[in-house]
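Residue numbers (the working numbering), protein chains in the order written: chain A, 132 to 622; chain B, 1226 to 1465.
Beta carbons: idealized from backbone N, C-alpha and C, even for Gly.
Because the structure is a prediction, the values reported are computed rather than measured.
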Amino acid sequence: MFKWFLSHQWKELTRSNFWQKSLIINIIIGFLLLIMFSYLILLGLFIDEVLKELYPEGDIFAIFNRGLLYYLGTDLFVRFFLYSLPVINVESYLHLPIKKSKILSFILLKSTLNIFNVLPLLVFIPFALKIVLTDYSGELALWWMVLMIIIILNNSFVLHYLKRRFIDKPIYLGIFALLVVSTIILDKFQIFSLSEFSSSIFTFLAYNPIYIIIPLIILGAVYGINRSYLKSRLTLEDVNAKKQKKVDSLSRVKYLDSFGELGEMILLELKLVWRNKRSRSIIMMSPMFLLYGLLFYPNEDMGGLGFYIFVGIFMTGGIMFNYGQYMLSWESNYFDGIIANNIDFQKHFRAKYIMIISTVIISFILTIPYVYFGVNILMINAATFLFNLGFLSMLLMYFSSSSRKRMDMAKSSAFNYQGMGASNWIMILPFFLLPIFIWLPFNLLGVSEWGIATIGFIGILSLAFHKSLMKLVVKRFEEKKHLIAEGFRES
Amino acid sequence: MYNKKTYKIMIEVKSLAKGYNGTIVLNIPELKIEKGESFGLVGNNGAGKTTFFRLILDLIKANNGEIFSKEIDVKKTTDWKSYTGSYLDEGFLIDFLTPEEYFNFIASVNKLSKGDVDKFMDQFSDFFNDEIIGKNKYIRDLSRGNKQKVGIAASLMTEPEVLILDEPFASLDPTSQIRLKNLLKQLREEKNLTMLISSHDLNHVTEVCERIVVLDKGNIIHDIKTQEDTLKELESYFAV
């Protein structure tokens, strides 16, 4: 049976529309991945030099182990955002004479084959080979690697459980973030040292491999919890849960009616986002972007101006990017209706534009308190705000006509997270880098402020010409609509 | 606005061809559909019925040829949308809206008033059979037959001059099928509506349509006026 599952999954992967985008984009993605891989391997190979520099006296192995709990925490956090849960279309298998336990095992097994489980190994293996094996002992290296594989798998299963349970309840994520921040603070004020704690557990376990049984038992338990949770949801009723949800209060919104057709279209967008589980969870997680400043501004070593521009674009535009890149895919269920009906595409895109700029304006207002870290930060955020508002919003709408991939919004989300993974972010990376490229030459000439002003100015300029830009957006859409519709019709 | 003058030919097809990866799926050298004509399209799976309707609605691009609606190429402008009602499949429905919200949205983009919508929902209350309006359900939670009713009703809301329905009788219950047939006949007689209807069901389509066109592998192989023995003729053709 597993053979069949594997071949179906392989076919699903290779026949996905994703690869048919364009050769150039695939090459770029491949290239970025290659760079990332080689960086990680280099990090693994030379981290001992760095550690020796930072902590001249001390046991490298123990020092390395200090970071492991931090790695596990960050890993969970990053995965929560970037990682798509493995999708297997269980509906197509449930009615067949296949044991449920096999389906479950396959879903769980598939989840371990994930890039997030491979990436840390790229650091750990070189470290184990170069340092632990040669400077310590082969036995220690072996047991340490076993331990690392166990904790990576452990994290992977913990994340699965958390993501399945809490994707719709960002409050828990907030609690988790608070927990992480408070540990960092406690560590900083040396009340409780997470790094020492981390170092002592992992060093101890590696030297006393008999105790590795403990993390192994934990792994077994987490696997079991995952399995029983999935099992409880593996009936057809849950998979296409037709919960008779009450119609929400958006149906009573009359206010937008007074704006006529455009108001009606904005209302449609709001309902689209709010009433579909997938879009709602993406939007509900978006406010996390606003916290990015807290990660970078307090720490003077991080970044510099170029990096602050990136942070600014990210904070004021995070929600926009999330909404904008899926703008048309979210409509894939009824896209034929949109193009066959007597809908004015100008207005259709105007409604989307209003949605986008509202999120950008609100995000900017919420980031104003960062002025606490300096007026220049406010200036950068204002410039990036204008750039997002005028220019990137249009660019995003222009490129939205490149979407070809259907998203099934109404499907229950228990087994379905397609289109929410890291690859979607790689696609829009150039958008983030653009303002930095604009600023870079000014910085090299020593007039960095001018660079920032230019970013803002481009935003204002595009805002002034937004009507003409909008025409370009709609023109491209009209040219591409048949291709988009065709892509959406294929699942 | 589009031209108000009356046209004898509503839809005209000229040397139309559509293929995917080198296989021709539709090939119609010439076809004219007159105003007020009820045009039934029958054929087996893959005969090209849906492809033809999608081409008329400019949902896909033809490899060759044109389709004219009131003498204007459907690719060139969107004027035809204001007098064409259509429902092909569930892909037309905005599934996270309630039926009422959907009707209001369609009314809004077609510049109809609130009063028009209420009148319309009233007219269709029999057809809806109390399962659609005021139920506080999203369209996605309706049964397939009820979704179909929403789509068909929405296509008629604007009182179109041309109506295009793909398999309208499929997944409707017997009562609704009969109601729909009566409704279509009534519209044909009273409003002189031009109808294009495809169906697998020879019974229904011969009952509603005055002209039947049989598609086979993308080609028109029969084009007949409906008479007493049309049903028999079609049945013998399809019984291979």
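- By the C-beta density criterion, W570(A) is buried, having at least 16 other C-beta atoms within 10 angstroms.
- Within chain B, no residue has its CB atom less than 7 angstroms from the CB of A482(A), the nearest being about 11 angstroms off.
- According to the DSSP assignment, V1430(B) belongs to no beta strand (DSSP E) but to the alpha helix (DSSP H) extending over L1427 to V1433.
- A direct Cα-to-Cα measurement between I1377(B) and G394(A) gives close to 25 angstroms.
- Cβ neighbours of K1306(B) within its own chain (closer than 8 angstroms, five residues either side excluded): none.
- In the structure shown, A1395(B) falls within a coil segment according to DSSP collapsed to helix, strand and coil.
- Within chain B, the residues D1283, L1284, I1285 and K1286 have their CB atoms less than 9 angstroms from the CB of H613(A), given in chain order.
- Counting only Cβ-Cβ distances below 8 angstroms, A616(A) has contacts in chain B at L1284 and I1285, in chain order.
- The three-state secondary structure of E1255(B), taken from DSSP, is strand.
- Within the stretch 459-544 of chain A, the runs of alpha helix (DSSP H) at least 4 residues long that lie entirely inside it are, in chain order, 466-471, 476-498, 506-517 and 524-531.
- Around the C-beta of V578(A), fewer than 16 other C-beta atoms lie within 10 Å, and the residue is accordingly described as exposed.
- In this structure, DSSP gives V311(A) a helical state, which the three-state scheme calls helix.
- Between L284(A) and N339(A), the gap from beta carbon to beta carbon reaches 8 angstroms or more.
- Between I591(A) and N519(A), the C-beta spacing is not below 8 angstroms.
- At a cut-off of 8 angstroms between C-beta atoms, G1316(B) counts as an interface residue with respect to chain A.
- Each of G1265(B), T1231(B) and Y1232(B) was checked against the Cα of D1448(B), and the nearest Cα belongs to G1265(B).
- Close to S1311(B), with beta-carbon spacing below 7 angstroms, are these residues of chain A in chain order: A471.
- What L401(A) touches in chain B, judged by beta-carbon distance under 9 angstroms, is nothing: the nearest beta carbon there is about 11 angstroms away.
- Cβ-Cβ distances below 7 angstroms link P566(A) to I440, I444, T515, F518 and I586 in the same chain, with the five nearest sequence neighbours on each side left out; the list follows chain order.
- With a threshold of 16 other beta carbon atoms within 10 Å, F162(A) falls short and is exposed.
- With at least 16 other beta carbons inside 10 angstroms of its own, I234(A) counts as buried.
- Among the residues facing chain B, R406(A) is included, as its CB has a counterpart in that chain under 8 angstroms away.
- In the DSSP assignment, D1351(B) falls outside any beta strand (DSSP E) and lies within the alpha helix (DSSP H) extending over S1350 to F1353.
- Here L1322(B) carries a coil assignment [DSSP, helix/strand/coil].
- In the DSSP assignment, T447(A) falls within the unbroken alpha helix (DSSP H) covering L436 to Y457.
- About 4 angstroms separates the Cβ atoms of I1389(B) and S1311(B), confirming a contact at the 8 angstroms cut-off.
- With a contact defined as Cβ atoms closer than 8 angstroms, M458(A) and S531(A) qualify at about 5 angstroms.
- T265(A) and Q321(A) have their C-alpha atoms roughly 33 angstroms apart.
- Assignment of I322(A) by DSSP, reduced to helix, strand and coil, places it in the coil class.
- Comparing alpha carbon positions, the residue from G521(A), G204(A) and W581(A) closest to A595(A) is G521(A).
- Between G198(A) and I306(A), the alpha-carbon positions lie close to 22 angstroms from each other.
- Closest in alpha carbon position to I1297(B), among K1450(B), V1438(B), I1236(B) and V1387(B), is I1236(B).
- For a cut-off of 8 angstroms, the C-beta gap from L1440(B) to G1261(B) is around 22 angstroms, too long to register as a contact.
- Within the same chain, and ignoring the five residues on either side of R1365(B) in sequence, the residues whose Cβ sits closer than 8 angstroms to its Cβ are D1320 and F1321.
- For K1450(B), there is no enclosing alpha helix (DSSP H); the residue is part of the beta strand (DSSP E) that begins and ends at N1444 to K1450.
- With respect to the 8 angstroms criterion, T1323(B) and K1372(B) are not classified as neighbours on the basis of their beta carbons.
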